[in-house]
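Asker: In terms of the working numbering, the sequence shown opens at residue 23 and continues consecutively.
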Amino acid sequence: MNVVLLGPPGAGKGTLAVQLAQSLGLLHLSTGDLLRDEVARGTPLGRQAEGYMKRGELVPDEVVLAMVKERVNGVRGVLLDGFPRTLAQARGLEAFLKVDKVVYLAISKEEVVRRLSSRRVCTRCGAVFNLVTQPPQQADRCDRCQGPLAVRPDDRPEVVARRYEVYERDSAPLVDYYRRQGLLVEVNAAQSPEAVGAQARAALSQ
Ligand code: AP5
23 MNVVLLGPPG AGKGTLAVQL AQSLGLLHLS TGDLLRDEVA RGTPLGRQAE GYMKRGELVP
83 DEVVLAMVKE RVNGVRGVLL DGFPRTLAQA RGLEAFLKVD KVVYLAISKE EVVRRLSSRR
143 VCTRCGAVFN LVTQPPQQAD RCDRCQGPLA VRPDDRPEVV ARRYEVYERD SAPLVDYYRR
203 QGLLVEVNAA QSPEAVGAQA RAALSQ
């Protein structure tokens, strides 16, 4: 089964993806994580993507499509987190992967702004925490690897505002696009991570 996770920045796509990938045995592919890794390694792709990401803009469709196509080649079940994000990406994806279900994480702008203002990420292993809703055991250390926690550079309020605008303009139309195809399942993302996971698993098992 190939599943797409759709929703605004901070809706909890990454948090849900970790749960679902484990319970459904799917490969978790987060285009945001892949791009951040390219940036950290200073690859040509990373250098190309960095400016867009800092500003909260989307990396060009052809760059992201090529990156995803390479990673899904030969994989038996994939969970796409943060991809596709434009109609062009959705159509491009159809040329090389059949999407079986799309989980849409529905949540208000106020709630995602609140979540992103208190998100902390491990600079070593990438684990995600929230000072309010999913606090680490020590304020500045990762529970998993003891690495230092930091604010993601694009979680500054002005960049979050831009990311949300870009989401509404370019990605929100995908909700209707996939609904029309009968692939969309809507999950209330304004619940605890456990409740979001349970609702998503129930919807995917139907
Ligand atoms: P990306 O990393 O994909 O960012 P995003 O879509 O904005 O999503 P986030 O990672 O910010 O949030 P999330 O929904 O995963 O929430 P999380 O689980 O962390 O992309 C970054 C950038 O890369 C883009 O801006 C763009 O430049 C580029 N890019 C990526 N993909 C691209 C593409 N396809 N095309 C072009 N460019 C692309 O949770 C958020 C916080 O809330 C955390 O603190 C978490 O602990 C907490 N939380 C999660 N769930 C819950 C819950 N149920 N209750 C309470 N708190 C919760």
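C-beta: ideal position from N, C-alpha, C; glycine also.
Helix, strand or coil for residue 228 per DSSP?
Answerer: Position 206 of the sequence shown, counted from the first residue, corresponds to residue 228. DSSP places residue 228 in coil when its eight states are reduced to three.
Asker: Opposite residue 52 in the DSSP bridges: which residues?
Answerer: Walking along the sequence shown from the start, residue 52 turns up at place 30. Note: residue 52 sits in a beta bridge opposite 103.
Asker: Let me check one thing: in DSSP terms, what residues is residue 172 bridge-paired to?
Answerer: In the sequence shown, residue 172 corresponds to position 150, counting from 1. Bridge partners of residue 172: 143.
Asker: Is the segment 26-34 close to the segment 197-215, with three or more CB pairs under 8 Å?
Answerer: yes
Asker: Does residue 203 come out as helix, strand or coil in the three-state DSSP assignment?
Answerer: Against the sequence shown, residue 203 aligns to sequence position 181. Reduced to three states, the DSSP call for residue 203 is coil.
Asker: Can you tell me whether DSSP reads residue 209 as helix, strand or coil?
Answerer: For the purposes of this step, residue 209 is taken as the residue at position 187 of the sequence shown. In this structure, residue 209 counts as strand in the three-state DSSP scheme.
Asker: Quick check on residue 149: does DSSP put it in helix, strand or coil?
Answerer: Counting from 1 along the sequence shown, the entry for residue 149 is found at position 127. Coil, per DSSP.
Asker: Give the DSSP bridge partners of residue 123, in chain order.
Answerer: One-based indexing of the sequence shown puts residue 123 at position 101. According to DSSP, residue 123 bridges with 25.
Asker: CA-CA distance, residue 124 and residue 32?
Answerer: Residue numbering aside, residue 124 sits at position 102 when the sequence shown is read from its first letter. Residue numbering aside, residue 32 sits at position 10 when the sequence shown is read from its first letter. Spanning the two alpha carbons is a distance of roughly 17 Å.
Asker: Please go through the same chain and pick out, in chain order, the residues whose beta-carbon is closer than 8 Å to the beta-carbon of residue 241, but skip the five residues on each side of it.
Answerer: The requested residue 241 does not occur in the structure, where the chain is confined to residues 23 to 228.
Asker: Report yes or no: do three or more beta-carbon pairs, one from the segment 72-90 and one from the segment 177-187, lie closer than 8 Å?
Answerer: Between the segment 72-90 and the segment 177-187, the count of Cβ pairs shorter than 8 Å is three or higher; the stretches touch.
Asker: What are the complete alpha helix (DSSP H) segments, minimum 4 residues, inside the segment 54-86?
Answerer: Listed in chain order, they are 66-77.
Asker: Taking the Cβ atom as the reference point for each residue, do residue 101 and residue 39 lie within a distance shorter than 7 Å?
Answerer: Mapped onto the sequence shown, residue 101 falls at position 79. Mapped onto the sequence shown, residue 39 falls at position 17. At the C-beta level, residue 101 and residue 39 come within 7 Å of one another.
Asker: Considering only C-alpha positions, which residue in the set 210, 94, 71 is nearest to residue 18?
Answerer: The chain is shown only over 23 to 228; residue 18 falls outside these bounds and no answer can be derived.
Asker: When the Cα of residue 161 is compared with those of 176, 92, 141, 134, which residue comes out closest?
Answerer: Translated into positions along the sequence shown, residue 161 becomes position 139. Residue 161 has its Cα closest to that of 141, out of 176, 92, 141, 134.
Asker: Count the other CB atoms, across all protein chains shown, that sit within 10 Å of the CB of residue 53; report buried if there are 16 or more and exposed otherwise.
Answerer: Indexing the sequence shown from 1 puts residue 53 at position 31. Residue 53 should be labelled buried.
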